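> So for the sequence shown, my numbering puts the first residue at 56; every next one is plus one.
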Amino acid sequence: MIKQALLGEFLHEAENTRKILKAIPDSALDWKPSEKNWTTGQLASHIAEVYNWYDPTFNLDVFDMGAYQYDKGDISKAENIVAKFEENVAKAQKVLENSDESTYFNEWKMEMNGNVIFPPAQKIQVIRGFLYNHLYHHRGELVVYLRSTGNKVPGLYGPTADDRM
């Protein structure tokens, strides 16, 4: 039952993520709100990358970020970021569909070079927080980035101000 609930949310929210990523024009990719922030392209690429973390989150009890490698590809074009998202989301869906619910309450942690950077927690908490909620947080940032660059924002949970114009 837990897997079915996670999968239903995953599929719904992957479509919302797809909508927001497809709304990014190439002209906005280099924009960032401050020197401390990522560019739009970097933020969108990070959103796509979160789906690449499903395998080590669902299938390992320790995710070693020190050994983790990820090729984000060419993020100079929005279509490339969308393509990477599509690749990652397809893999993530298979990981979720093939996951074993009996492991959802196992202890999980993230380390980097032997140092704990995400303290031990039940895997289900990590799935909800680190994978799902983390992604929603960054999508919200991306909405602000799109608005700040004068671009339309797609409705994720109903119409936006753009839909009423």
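All C-beta atoms in this analysis are idealised placements derived from N, C-alpha and C, irrespective of residue type, glycine included.
Fair warning: this is a prediction, and the values are worked out from it, not measured in the lab.
1) Is the separation between the beta-carbon of F113 and that of V150 shorter than 8 Å?
2) Work out the CA separation of E162 and L115 for me, nearest whole Å.
3) What is the residue span of the beta strand (DSSP E) that I172 lies within?
4) With a floor of 4 residues, list each alpha helix (DSSP H) that falls wholly inside the region 100-172, ordered by position along the chain.
5) Taking contact to mean 3 or more Cβ pairs, one atom from each stretch, closer than 8 Å, check whether the region 198-207 and the region 177-188 are in contact.
6) Drop a sphere of 10 angstroms on the beta-carbon of G96, count the other beta-carbons inside from all chains shown, and report buried for 16 or more, exposed for fewer.
7) Taking buried to mean at least 16 other C-beta atoms within 10 Å of its own C-beta, is V109 buried or exposed?
8) Helix, strand or coil, according to DSSP, for A69 in the structure here?
9) Which residue comes first and which comes last in the alpha helix (DSSP H) that contains G24?
10) May I have the straight-line CA-CA distance separating L98 from G213, to the nearest angstrom?
11) Would I102 and R219 qualify as a contact pair, given that the criterion is a beta-carbon distance under 8 Å?
12) For N107, tell me which candidate among W93, K139 and D85 has the shortest Cα-Cα distance.
13) Return the Cβ separation of N143 and E104 in integer angstroms, given the expectation that the two are a contact with Cβ distance under 8 Å.
14) Do the region 165-177 and the region 113-133 touch if we need at least three Cβ pairs shorter than 8 Å?
15) Hey, quick one: how far does the alpha helix (DSSP H) through D217 stretch, first residue to last?
In this structure, then:
1) yes
2) 10 Å
3) N170 to Q177
4) 109-114 and 133-152
5) no
6) buried
7) Looking at the sequence itself, residue 109 is Tyr, so the reference to Val does not match. The residue in question, Y109, is buried, as its Cβ has 16 or more Cβ neighbours within 10 Å.
8) helix
9) Residue 24 lies beyond the residue range present for the chain, which begins at 56 and ends at 220; the question has no answer from this structure.
10) 23 Å
11) no
12) K139
13) 7 Å
14) yes
15) A216 to R219
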